[in-house]
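Quick note on numbering: the sequence shown equals residues 1 to 106 in the numbering used here. Backbone N, C-alpha and C define an ideal beta-carbon position, used for all residues, glycine too. Data first, discussion second: the structure below is written as structure tokens.
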Amino acid sequence: MDVDSDAVLWARSQGGLASAFGELFRRHSSAVYNHAFRRTASWERAEDVVSIVFLEAWRARGKVVLDADGSLLPWLLGIANNVLRHEYRAREAGGHRVVCLGGTHL
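This is the structure we're talking about:
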């Protein structure tokens, strides 16, 4: 049985074939999850990162060209790094504020 390359599946995804994108998800989601988990030490956050990465990949599928022999994984890991960086910056910017509600400090 022949296994389609990432480039073939990506081209089909660009044409709107959701099943091709689903195969890319099955192929690479574990690697993206493991990468995110190593960076966050949180199962839940790693799952969220995977969801965001593949949503962003789906949205950008018409703009990204993959070499005929290339793998999609490096690009997906780059998206994951950007998501994690953005999450970190957002937490640092506003995540540690003390809120006072009715005289109770949280």
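{"Asked": "Around the C-beta of Leu55, are 16 or more other C-beta atoms found within 10 angstroms, so that it is buried, or is it exposed?", "Found": "exposed"}
{"Asked": "If we ignore side chains and look at the alpha-carbon of each, how far apart do Ile79 and Ala57 end up?", "Found": "8 Å"}
{"Asked": "Return the chain-ordered list of same chain residues with a C-beta closer than 7 Å to the C-beta of Leu77, the five sequence neighbours on each side being excluded.", "Found": "Val32, His35"}
{"Asked": "Would you mind stating whether Leu17 and Leu72 have Cβ atoms separated by less than 9 Å?", "Found": "no"}
{"Asked": "Any idea if Ser42 is buried or exposed, counting beta-carbon neighbours within 10 angstroms, 16 or more meaning buried?", "Found": "exposed"}
{"Asked": "Could you check the C-alpha separation between Arg38 and Gln14 for me, to the nearest Å?", "Found": "30 Å"}
{"Asked": "Classify His86: buried if its beta carbon has 16 or more other beta carbons within 10 angstroms, exposed otherwise.", "Found": "exposed"}
{"Asked": "Terminal residues of the continuous alpha helix (DSSP H) containing Ala68?", "Found": "Unbroken run through Ala68: none, as it is neither H nor E."}
{"Asked": "Excluding the 5 residues preceding and the 5 following Leu66 in the sequence, name in chain order all residues of the same chain whose CB lies nearer than 7 Å to its CB.", "Found": "Asp6, Ala7, Trp10, Leu72"}
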